[in-house]
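Residue numbers (this note's numbering): 400 to 553.
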C-alpha cells in the first residue's frame, strides 16, 4: 500500500468470512423468494409456429388477429399481422385465439344504429314534497327552510 500513514500489518491481511453469514443470506433469499412467488403469476403461454393469436396494438389498446411466425428466446415471438407486417412481441401482448371465434359473425351487428327506447314517464313523476315554512323564515335554493338561531333575550 502506498501511503505515508502508519498501518498495522494485521489490518492488511485478508480475513475469512464467517460461514454463518453466507448461510443466513441464502436463508433470507429463500424466504423472500417464497413470499414473492405467492402472488407472482406464472404464464404458460407457449405458442407454436403458425398458430393464430390475438395481438394487442400497443398504441390503440385494441386486439387484432395475427399469426406466429417464429418463437424467439425469453417469451418473445415474431408475429405476422393480417396486413403483412411482421413484428417482434413479448407474450404479454399475445393472447390465444378462441377456437370458436368468428369475426364475420359480429360484422352484421351494428351497435351504433340501435336507438335506446325512450319511455315517457314524466306524467308519473311528482315533485318532492315541501316542508311547511313559516312566513318569517326564508327558503334556500335547495328548498330547505332556514330559521334564525334562537338566542336568549336577557
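The beta-carbon is built from N, C-alpha and C at its ideal position, and this holds for glycine as well.
Query: 6 angstroms CB neighbourhood of residue 417 in its chain, flanking five on each side removed; Result: none
Query: Residue 425 in three-state terms, based on DSSP; Result: helix
Query: Three or more C-beta pairs below 8 angstroms linking the segment 445-453 and the segment 475-495; Result: yes
Query: Beta-carbon gap between residue 536 and residue 546 smaller than 7 angstroms; Result: yes
Query: Rounded separation between residue 402 and residue 423 - CA only; Result: 37 angstroms
Query: Through-space distance from residue 419 to residue 426, alpha-carbon basis; Result: 10 angstroms
Query: Identity of the residues DSSP links to residue 439 by a beta bridge; Result: According to DSSP, which records beta bridges pairwise, residue 439 is partnered with nothing at all.
Query: Opening and closing residue of the alpha helix (DSSP H) in which residue 408 lies; Result: 408-411
Query: Contact set for residue 469: own chain, Cβ-Cβ below 8 angstroms, skip 5 residues either direction; Result: 448, 476 and 477
Query: Where residue 484 falls: helix, strand or coil (DSSP); Result: coil
Query: According to DSSP, residues forming a beta bridge with residue 479; Result: 466 and 485
Query: Residue 430 versus residue 414: straight-line alpha-carbon distance, rounded; Result: 29 angstroms
Query: Beta-carbon proximity of residue 464 to residue 481, cut-off 7 angstroms; Result: yes
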